[in-house]
Ligand code: C5P
């Protein structure tokens, strides 16, 4: 995988025209753009089409979490939009993930569409051990919970997980080599933490076994985003 492919830019903006402007500005450095809740709620499928028109890939980050039928239908809708990757919450359970995977595989075969990578969110990188225990009510450790959810995603036949790179080595050991690890919560040494808690630098994340790095604010909020991308790419190349 090339450096361009490893770095996914989170288009965490509300305006479709501005998102398209960002895609155009960074398209020679970035292969895949992440469309999340805010942008998708505002712009809908238009932004996905606009990214595709520019020859780039889409990671649809809507974190599906609902009854199995609804998630499976949402997965099929994502397939028909031609996305490269989309995600579901592993805490939706094995049946939810399997039904989604099965429907996606069936529609891809029937309609001759490339199968997107389906990945599962384990525990959000903004969550701490304290919040997981005292607010969400999970009594075992955060790491144990991440390992359990990653194992469940593997059993359900998904392609990988979204997880903090702090857990990447453990997930790699538990789920094997081919299992994708997509790591958000990436902060180069020169950027600020914002609301993320379980962060790592790009170099450390890759050394721990992450396949993709999802980055938003460290690039978009920087005074010079292109320079920020260059610095991150240099760090990726070193790792
Ligand atoms: O700005 P920052 O680099 O923190 O953005 C991280 C992006 O990754 C956000 O779009 C966020 O929704 C997403 N994400 C995350 N943690 C997860 C899954 C996705 O931060 N577990």
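Residue numbers (our numbering): 34 to 272.
The beta-carbon is built from N, C-alpha and C at its ideal position, and this holds for glycine as well.
Tell me the residue span of the alpha helix (DSSP H) that contains residue i.
i	result
residue 184	175-188
residue 106	101-113
residue 193	Segment 193-195 is the beta strand (DSSP E) holding residue 193; no alpha helix (DSSP H) there.
residue 155	Unbroken run through residue 155: none, as it is neither H nor E.
residue 50	49-59
residue 204	201-208
So residue i and residue j are supposed to be a Cβ contact under 8 angstroms. How far apart are they, rounded?
i	j	result
residue 69	residue 43	6 angstroms
residue 182	residue 153	7 angstroms
residue 126	residue 119	Not quite, the Cβ-Cβ distance comes to about 18 angstroms (not below 8 angstroms), so this is no contact.
residue 193	residue 213	3 angstroms
residue 195	residue 178	Contact doesn't hold; Cβ gap of about 14 angstroms is too wide.
residue 189	residue 131	5 angstroms
residue 207	residue 184	6 angstroms
Using a Cβ-based criterion (distance less than 7 angstroms to any ligand heavy atom), does residue i qualify as near the ligand C5P?
i	result
residue 229	yes
residue 219	yes
residue 159	yes
residue 76	no
residue 131	no
residue 266	no
Which first and last residues belong to the beta strand (DSSP E) in which residue i is found?
i	result
residue 130	Counting along the chain, residue 130 falls outside any beta strand (DSSP E), though it belongs to the alpha helix (DSSP H) covering 127-144.
residue 245	245-248
residue 121	118-122
residue 214	213-216
Taking C-alpha atoms, which residue in the options lies nearest to residue i?
i	options	result
residue 216	57, 260 and 233	233
residue 242	143, 204, 103 and 54	204
residue 90	99, 60 and 251	60
residue 138	256, 229, 252 and 106	106
residue 50	83, 267, 222 and 161	83
residue 56	244, 225 and 249	249
For chain C, find out if any of its Cβ atoms is closer than 8 angstroms to the Cβ of residue i; answer yes or no.
i	result
residue 254	This model lacks chain C altogether; it includes just one protein chain.
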